[in-house]
Structure formats: structure tokens, C-alpha cells
Amino acid sequence: MGERVCDGVAERLGVEVRRGVSASLLTTYRGGGCAERVYLPCGAERAAEFAAECAARGERLFVMGGGSKTVMADGSISLPVLSTANMRRVEVAGFDEGRVLVRAESGARVADVLAVCAEAGCGGLEFMAGVRASVGGMVRMNAGAFGEQTADHVYETEILNPVSGEIVKKRGSETDFGYRRGERGFVLAVTFAFPVMSAEERERRRLGYIAARRARQPALPSCGSVFRNAGEAFAGELIERAGMKGMRLGGAEISRLHGNFIVNTGGASAADLFGLAELAAERVRELFGVSLEKEFEILKDGLPFRANL
Ligand SMILES: Cc1cc2nc3c(=O)[nH]c(=O)nc-3n(C[C@H](O)[C@H](O)[C@H](O)COP(=O)(O)OP(=O)(O)OC[C@H]3O[C@@H](n4cnc5c(N)ncnc54)[C@H](O)[C@@H]3O)c2cc1C
């Protein structure tokens, strides 16, 4: 493992580097390989400096949030990873038209934001309660559930311009949010505009959504939904109708509870998940003529991987 340009930048800026970090620590699926280098800048400003300088020197980085939508390829991955795990500051930033503005650095988890909302008397992200997602990943994917989506609450994002190194502020309405489609740049922080909400209402929503998830989604490690829903057709239903629930490959299994989840039953590799996903997509195409498109992101070296920066 020779020195990389990012190592020098990290040393100069005081950014922590961890070497040989396994998928079981970085992702919720837990199967897969090992990242040779993970950089953990403290705070949004330091992350911006680090990422801009790496970009200026021609280094590409993969930004990792909660790892709940990312599967790491098997083996050793040399593409440098910028983890937002040390960028978790959340604070009330003001008020606008009766809504409470809450600014969260991009590595803040749903639970971090909900804790500040509880103190501030507002709410909104309960639909993702219990999921290990970061707000950066949620804005990137426009995470949604139970008829609600992240975009509903995004007031402003702070995005890195990797060329100038500047932090650009964008109103929520300036991002072209769609179904699982959000901001494409490196999100450093997000300001949400949340409605005022009583503690009873917030808890009712939070506990209700957690209970609904427990009933419908498997508890074993996964990367969430494997496929995007294809228009009116729910991917999980098509996989169920194709009789594929419970199908296994190595340590991976198409969940018996929800056809659109592939779970790691223990010791599953990334190849197990990719193989099962391919089988499910093939079977659904043969039986129903529907092409399923993957929803998860893959962290791996080389093409066709699309690096963030
Ligand atoms: C049990 C379970 C349940 C889930 N339920 C739902 C659900 O109900 N609805 C739903 O929509 N999703 C769901 N997911 C998927 C996942 O939680 C969301 O897609 C979430 O938005 C991913 O956030 P993350 O921080 O974990 O992203 P990661 O997996 O870390 O990253 C996902 C993508 O976002 C990029 N990214 C991460 N941080 C940033 C950043 N700061 N700036 C720019 N890009 C960034 C990554 O590079 C990658 O391309 C579920 C996942 C699990 C495991």
C-alpha cells in the first residue's frame, strides 16, 4: 500500500486516516471487501478543504455516509473513501415562516437530527427513524418512505464546488429532486425547514414508522431496497410473484419478508448479493417483461463506477 496524494493532504490538514477498513464497519450490508484508506475529516469546512485539494491534485474520492445504500465490492479497494462519520454537528439555525430551520452536517444520522428536533419542538424525518442513513446520503438519494421524502424538508444545501473549493449554498427548490434522485454534488451540510410538532405527535409518528418497518422489513443486514420500483410495478412484489423469496446464494438470501431486500445471513460476499440480484432481475424480465434497475450504490475500483468528486 504505497503513499497516495490524499495521504499528504490529510497529514497537512490534520485529517484522520484509517487503513484497511472492512465493509462490516462501513456498510449496513456488512459483506464485501476492505477499503485501503478511509479519510475522516472533522467538520464540513475541513472536509471541503480536503476534498477540494484532493480533487485539484487529480485524486477521486468516494463519499461514504451511513453506508446504508452502498455495497463494497469484494477484495481490496484502493479508491480513497471520504467518510462523513466525523461531520455530525446538528443545531437550530433559525425560523422561517413558522418552520424551524435545523442545520445538520452531512454525516449526521437520522437519530442525531431527531434528537435536536425533540429539543426544538419540530419534526419531519421520523419516516426514516431506525435506519442508519446520514443526511448527506438522504439528500443524494432523496430517501423516502410512507409517502414522505427528504426533499419535502430541504431548505438549503451546502455543496462543494470541487474546482474552486468554494462552498455553494443552494435552495432546496434549486435541486432537481425526483424518485430516489437528489443532489449530485458533495453535500457538506443540509438545512431542513421542519414544521412545529408536539412531542406526542413526533413520538406517535416515530414509533409508528419503526413498527411498520419491523413488520415489513427484515432485521438482518441489508442495503435497503435492491431495485427501484418500475413505475406502477413494485419490485418486491414482482420478485415475490416470481417465487424468488428465500432464494440463497452463498451467505445472501432474498428476504422471506420482503422480496426487494437481499439480506446477509452471515459471511455473505458482495458477489453473493450481485449474483442474486442478477438472477432476480433476469427472472422478472423473463416472466413479466419488466427491467429492474438497481437502487444501491457500488463502491469498487475502476469503471463503470462513478466517483462523486
Ligand atoms: C434497513 C434499511 C431500510 C431502508 N429504508 C429506506 C427507505 O425507507 N427509503 C429509502 O429511500 N431508503 C431506505 N434505505 C436506504 C438508505 O438508507 C437511503 O438510501 C439513504 O439515503 C442512504 O444514506 P447513507 O448515508 O447510508 O448513504 P451511503 O450508503 O453512505 O451512500 C449512498 C450514496 O450517497 C452518496 N453520499 C453519501 N453521503 C454523501 C454526501 N455527503 N454528499 C454526496 N453524496 C453522498 C454516496 O457516495 C453514495 O453514492 C434503507 C436502508 C436500510 C439498510
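So in the working numbering, spot 1 of the sequence shown is number 1270, and the numbers just go up one at a time. Glycine is no exception: its CB is placed at the ideal position from the N, C-alpha and C atoms.
Distance between residue j and residue i (C-alpha atoms, nearest Å)
i       : j       : result
ASP1212 : GLU1472 : There is simply no residue 1212 to check, as the chain begins at 1270 and stops at 1578 in what is shown.
ARG1372 : GLY1335 : 18 Å
GLY1479 : ALA1387 : One detail in the question is off: residue 1479 reads as Ile in this sequence, not Gly. Using only the alpha carbons, I get a separation of about 17 Å.
SER1491 : ARG1306 : 23 Å
ARG1483 : GLY1493 : 13 Å
VAL1361 : GLY1558 : 49 Å
LYS1514 : ALA1546 : 12 Å
ALA1398 : PRO1431 : 32 Å
VAL1286 : ALA1279 : 7 Å
GLY1519 : LEU1561 : 22 Å
THR1444 : VAL1437 : 12 Å
ARG1401 : LEU1383 : 13 Å
ARG1281 : VAL1332 : 20 Å
GLY1283 : GLY1441 : 32 Å
GLY1416 : LEU1394 : 12 Å
LEU1548 : GLU1522 : 12 Å
ASN1498 : ILE1531 : 15 Å
6 Å CB neighbourhood of residue i in its chain, flanking five on each side removed
i       : result
LEU1511 : Per the sequence presented here, residue 1511 reads as Ala, with Leu not at that position. The residues are ARG1552, VAL1553 and LEU1556.
THR1339 : THR1296, GLU1566 and LEU1568
GLU1501 : none
GLN1418 : ASN1411
LEU1526 : PRO1487
GLU1328 : VAL1274 and CYS1275
Under the three-state DSSP convention, the category residue i falls into
i       : result
PRO1573 : In this prediction, PRO1573 scores a pLDDT of 47, lower than 50, which makes its location untrustworthy; no coordinate-derived value is stated.
LEU1545 : helix
THR1444 : coil
ARG1449 : coil
ASN1323 : The residue you asked about is not Asn; residue 1323 is Cys in the sequence shown. Three-state DSSP puts CYS1323 in a helix.
GLU1562 : coil
ARG1287 : strand
LEU1556 : helix
GLU1314 : helix
GLU1417 : strand
Residue range of the alpha helix (DSSP H) that includes residue i
i       : result
LEU1294 : 1292-1295
LEU1282 : 1274-1282
Chain-order list of residues whose beta-carbon lies under 8 Å from that of residue i (same chain, five-residue window excluded)
i       : result
ASP1365 : TYR1424 and ALA1462
LEU1330 : CYS1275, TYR1308, ALA1320, CYS1323, ALA1324, LEU1348, PRO1349, VAL1350, LEU1351, ALA1576, ASN1577 and LEU1578
LEU1572 : In this prediction, LEU1572 has a pLDDT of 47, which is less than 50 and means its spatial position is unreliable; what the coordinates show is noted afterwards. There are no such residues.
N- and C-terminal bounds of the beta strand (DSSP E) containing residue i
i       : result
SER1352 : 1350-1352
ALA1342 : From DSSP, ALA1342 is part of no beta strand (DSSP E); its letter is neither H nor E.
GLU1305 : 1303-1309
GLU1427 : 1423-1429
VAL1332 : 1331-1333
Cβ of residue i within 7 Å of any chain B Cβ
i       : result
MET1513 : Annotation note: the requested chain B is absent from the structure, which comprises a single protein chain.
7 Å Cβ shell around residue i - same chain, five flanking residues per side excluded
i       : result
LEU1507 : VAL1553, PHE1557 and VAL1559
LYS1563 : VAL1495, PHE1496 and ALA1546
GLY1301 : ALA1292, VAL1340, MET1341, ALA1342, ASP1343, SER1538 and ALA1539
GLU1272 : none
Note down, one range per segment and in chain order, each beta strand (DSSP E) of at least 3 residues found wholly within the stretch 1457-1540. 1521-1523 and 1531-1533
Counting only runs that start and end within the stretch 1361-1411, where is the beta strand (DSSP E) found for 3 or more residues in a row? 1368-1374
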